[in-house]
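Participant:
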């Protein structure tokens, strides 16, 4: 693992009026590392994810990102062009509901190809070929390339959303409950796919989940949140097998078998 | 013992303490072990002995970074830099680096990942170190053949395997790399005599190659065949004082 973080969050806070969304949040993400953020509904984990991915204004604190040229600016200091580059190319965001991350009324191929066109690819044949390759990597038959996602099952939509995100070779992916809406057998397939792609591509990932089994399977490090604050963080298997904070102990004790 | 001091140790455990605080049970504190101190040099197999519940598995888990410690240090020699790194300090990245290159662990039970085949489970630690997938898979196949896992099972996920088959997958995974320190938690518990003998041979080969092994073996013939030293964990038990 490289010594310099790709993302560094320090003293982050987000308030909604007097209400605290999240506060006193500090952590680093290193290249090739998967960090899971766990906690119950309302613990602030999605607020945190939206802040660090530039989708929500923060109230205080720093969020620094390692650009491809090695600079480490705060997101707030980026130019509009740099911000666009991150959103369209260098970052991915996998939503819980695929409909939030896909365009449901254009073809599967176009959903993948659109991200390529956004980074300047213009050759139709190349775009279609790359889209076909990516559909196959996420186990969608190439014959479905001209079908719209509305005709896809939930699991297929989620796999298409993953392909759409990865086609531009991003370095950092944010995921918000990527398997949340899927039934168990479909969930296993999506998880397995994510696990393999993350390892093969050396991606850094910040994944929000309330499912400790997902966190165990995908992440090396885990952050536990409660009432907007980090209550425990560390190596994923250490946090799950030897939880220290009362809330983490409650979480671990609440699942039938981790 | 005098000899052990002359050779550079691979693992130094010094003054380690561990207790569990059960917040869901009114904050009751369960002491496990204290003053745990020992060291391992290349080529020795140190066996943790003592009755059930005395803290043997907890010590193994602390040495692997799976359990946090309350105090003390656990120094592991980094295979890459040659320096000693303190795993007990709890820095996740230090622990992950040590696990990749320097310290391996064969747990009592295989934690199966859905949809991942037995051969990929075994090959994974080599791939994580940058070994080419084809070469890693070939080596994994050799390991599984040696442990007499039927080749028809190689491409299946171990979730449906018998206890003995799962354990052999687990052993193959733990033995495929050349980690200088290897932790074994009852690796032969669910094996028949023939497979147990193969594991004993594999342990002896590791020792001859300079690996330091720390293990729990309730199986007396296995323990007698591999142990170079036995540490009675009762001496570290914190329960008597509680």
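Residue numbers (my numbering), protein chains in the order written: chain F, 915 to 1172; chain R, 160 to 401. Each residue gets a CB set at the ideal place from its N, CA and C atoms; glycine is no exception.
1) Could you check where the alpha helix (DSSP H) with residue 306(R) kicks off and where it finishes?
2) For the candidate residues 1106(F), 957(F) and 1087(F), whose alpha-carbon lies nearest to that of residue 271(R)?
3) Just to make sure I have the definition right: I need the residues of chain R whose C-beta is within less than 8 Å of the C-beta of residue 1103(F). Which are they?
4) Given residue 337(R), which residues of its chain have a CB within under 8 Å of its CB, disregarding the five upstream and five downstream residues?
5) Going by Cα to Cα distance, which pick from 1162(F), 1128(F) and 1117(F) is closest to residue 1138(F)?
6) Quick check on the DSSP output: what are the complete beta strand (DSSP E) runs of length 3 or more inside the segment 941–1009 of chain F, in order along the chain?
7) For residue 963(F), go through chain R and note every residue whose CB falls closer than 8 Å to its CB, in chain order.
8) Ignore the nearest five residues each way along the sequence and tell me which others in residue 1141(F)'s own chain have a CB closer than 6 Å to its CB.
9) Classify residue 392(R): buried if its beta carbon has 16 or more other beta carbons within 10 angstroms, exposed otherwise.
10) For residue 1017(F) and residue 1024(F), what's the separation of their Cα atoms in angstroms?
11) For residue 192(R), which residues in the same chain have their Cβ closer than 6 Å to its Cβ, ignoring the five residues on either side in sequence?
12) I'd like to confirm the pairing. Which residues does DSSP put opposite residue 187(R) in its beta bridges?
13) Just to confirm, is the Cβ distance from residue 328(R) to residue 277(R) under 8 Å?
14) Using the C-alpha atoms, what's the distance from residue 187(R) back to residue 236(R)?
15) With distance defined between alpha-carbon atoms, name the residue in 1008(F), 936(F), 1043(F) and 975(F) nearest to residue 959(F).
16) To be precise: take each residue of the segment 249–267 of chain R, compare its Cβ to all Cβ atoms of chain F, and keep it if any distance is under 8 Å. Which residues remain?
17) Can you find a CB in chain R that lies within less than 8 Å of the CB of residue 1181(F)?
18) Is residue 1123(F) closer than 8 Å to residue 952(F) when the C-beta atoms are compared?
19) Let me know the secondary structure DSSP gives residue 259(R) once reduced to three states.
20) Please report how far the alpha carbon of residue 265(R) lies from the alpha carbon of residue 1118(F), in whole angstroms.
21) For a test of your reading of the model: does the CB of residue 986(F) fall under 7 Å from any non-hydrogen atom of the ligand NAP? Yes or no.
22) Candidates 304(R), 341(R) and 387(R): which alpha carbon is nearest residue 258(R)'s?
23) Residue 941(F): buried (16+ other C-beta within 10 angstroms of its C-beta) or exposed?
24) For residue 329(R), go through chain F and note every residue whose CB falls closer than 9 Å to its CB, in chain order.
25) Using the beta-carbon of each residue, which ones in chain R are nearer than 9 Å to residue 1073(F)?
26) Name the chain F residues whose beta carbon is nearer than 7 Å to that of residue 224(R)?
27) Check this for me: beta carbons of residue 358(R) and residue 366(R), under 8 Å apart or not?
28) If you run the structure through DSSP and keep just helix, strand and coil, what is residue 348(R)?
29) Smallest Cα separation from residue 247(R): which of 331(R), 380(R), 345(R) and 173(R)?
30) Taking any Cβ of chain R, which residues in the segment 977–1001 of chain F have a Cβ under 7 Å from it, in chain order?
31) Please check if any C-beta of chain R sits within less than 8 Å of the C-beta of residue 1131(F).
32) What would DSSP say about residue 163(R), mapped onto helix, strand or coil?
33) Could you pull the start and end residues of the beta strand (DSSP E) that residue 245(R) belongs to?
34) Taking only beta-carbon atoms, is residue 183(R) less than 8 Å away from chain F?
35) Name, please, each residue of chain R whose Cβ falls closer than 9 Å to the Cβ of residue 1135(F).
36) With a cut-off of 8 Å, do at least 3 Cβ pairs link the segment 973–993 of chain F to the segment 1065–1080 of chain F?
Facilitator: Let me spell this out:
1) No alpha helix (DSSP H) holds residue 306(R); DSSP gives it neither H nor E.
2) Sorting 1106(F), 957(F) and 1087(F) by C-alpha distance to the C-alpha of residue 271(R) places 1106(F) at the top.
3) 274
4) 368 and 370
5) 1162(F)
6) For the segment 941–1009 of chain F, whole beta strand (DSSP E) runs of length 3 or above, ordered along the chain, are 948–952, 974–979 and 1005–1008.
7) Within chain R, no residue has its beta carbon less than 8 Å from that of residue 963(F); the closest one is some 20 Å off.
8) none
9) buried
10) 9 Å
11) 177, 214, 395 and 397
12) 181(R)
13) yes
14) 36 Å
15) 936(F)
16) 249, 251, 252, 254, 255 and 256
17) Since the displayed chain F opens at 915 and closes at 1172, residue 1181(F) lies outside it and no answer follows.
18) yes
19) helix
20) 28 Å
21) No copy of the ligand NAP occurs in the structure displayed, which carries no ligand at all.
22) 341(R)
23) buried
24) Those within 9 Å of residue 329(R) in chain F number zero; the least Cβ separation is about 15 Å.
25) Within chain R, no residue comes near residue 1073(F); the closest Cβ sits about 14 Å away, beyond 9 Å.
26) Within 7 Å Cβ-Cβ: 1149 and 1152.
27) no
28) Here residue 348(R) sits in coil by DSSP.
29) 173(R)
30) none
31) yes
32) Its pLDDT being 46, under 50, residue 163(R) is placed unreliably by the model, and the measurement read from it follows with that caveat. Helix.
33) 243–245
34) Taking Cβ atoms only, chain F reaches closer than 8 Å to residue 183(R), which makes this a yes.
35) 251, 252 and 255
36) no
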